[in-house]
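Going by the numbering used here, the first residue of the sequence shown is number 184, and it counts up by one from there. All C-beta atoms, glycine included, are put in the ideal place defined by N, C-alpha and C. So the structure is just underneath, and the comments pick up after that.
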Amino acid sequence: MPRSRPSSPARAEWRRFPAYTILISPTRYAHLPGACTHVEEDYVRAPRWGWIPDPAPGLWDRLSNSSPATATAGNTARTAIRRCEECQTTLS
Numbered sequence: 184m185p186r187s188r189p190s191s192p193a194r195a196e197w198r199r200f201p202a203y204t205i206l207i208s209p210t211r212y213a214h215l216p217g218a219c220t221h222v223e224e225d226y227v228r229a230p231r232w233g234w235i236p237d238p239a240p241g242l243w244d245r246l247s248n249s250s251p252a253t254a255t256a257g258n259t260a261r262t263a264i265r266r267c268e269e270c271q272t273t274l275s
């Protein structure tokens with residue numbers, strides 16, 4: 184997650200996940216709720232997806248092969264090693 188938790192007007196509101204939650208897909212990509220057009224809230228369900236409801240500051244920025252993020256809810260076996268480019272662009 185970025186250093187702070189801004190709420191961008193470009194992001195769609197989701198009911199089940201706060202905007203700063205990191206969502207982890209089966210393909211090991213990290214997404215942010217409402218920040219990209221190819222992930223809808225109804226898709227994000229355990230056991231297929233995992234998520235981090237309260238990520239540590241800077242976790243989003245550190246995501247990489249050498250610094251993966253592990254889900255703490257949903258499917259906790261999921262890890263993300265890269266950020267969704269559209270989500271990243273939405274944050275910029």
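Check                                                                    : Outcome
Cutoff 9 angstroms: T210 Cβ touching any chain C Cβ                      : The structure shown contains no chain C, having only a single protein chain.
Between the CA atoms of A202 and G233 - distance to the nearest angstrom : 15 angstroms
Span separating the alpha-carbon of Q271 from that of C219               : 9 angstroms
DSSP bridge partner residues for G257 (one or two, in chain order)       : G233
CA nearest to the CA of R198, picked from H214, N248, E224, S208         : E224
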